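Student: In this note's numbering, the protein residues as written are 20 to 119.
Let me begin by handing over the structure; questions about it come next.
Structural data, given as structure tokens:
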């Protein structure tokens, strides 16, 4: 399994427009084969920060996501958004244990 996680920082006032604009891509992605979780969430402690969390079966599923039409649409749409910075990383998971 793979986890993709990170943060996106918007310019002041840019978080809500970003979250609204990304919703069609999120909805389409959640229907993709191999996608278990896909979420952009506002950071409750920072009005300009968005947290990203994705959970995928494997690299092939993630590659298919990057090649999807809705991802191409998103790549075009996001150029109009007030993003100041982003830090997104991919983590390879070798085991999973329940904690609770």
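A virtual CB, placed ideally from N, CA and C, is assigned to each residue, including glycine.
It should be emphasised that the depicted structure is a prediction, and the values quoted were computed from it without experimental measurement.
Output the distance between the C-alpha atoms of residue 86 and residue 66, rounded to the nearest integer angstrom.
Tutor: Rounded to the nearest angstrom, the two C-alpha atoms are 31 Å apart.
Student: If you pair each beta-carbon of the stretch 72-79 with each one of the stretch 36-47, do three or more pairs fall below 8 Å?
Tutor: These segments do not touch.
Student: Between residue 57 and residue 45, which are expected to be in contact by the criterion C-beta below 8 Å, what is the C-beta distance as a whole number of angstroms?
Tutor: Between residue 45 and residue 57 the Cβ distance is about 6 Å, and since that is below 8 Å, they are a contact.
Student: For a quick check, are the C-beta atoms of residue 89 and residue 43 less than 8 Å apart?
Tutor: Contact flag set, yes.
Student: Just to confirm the assignment, what range does the beta strand (DSSP E) spanning residue 104 have?
Tutor: Counting along the chain, the beta strand (DSSP E) containing residue 104 begins and ends at 102-111.
Student: Residue 28 and residue 103 - do their beta-carbons sit closer together than 8 Å?
Tutor: Cβ distance < 8 Å, so residue 103 and residue 28 count as in contact.
Student: Looking at residue 33: is its Cβ nearer than 8 Å to the Cβ of residue 100?
Tutor: A contact, by the Cβ cut-off of 8 Å.
Student: In this structure, how does DSSP classify residue 43 when only helix, strand and coil are distinguished?
Tutor: Three-state DSSP puts residue 43 in a helix.
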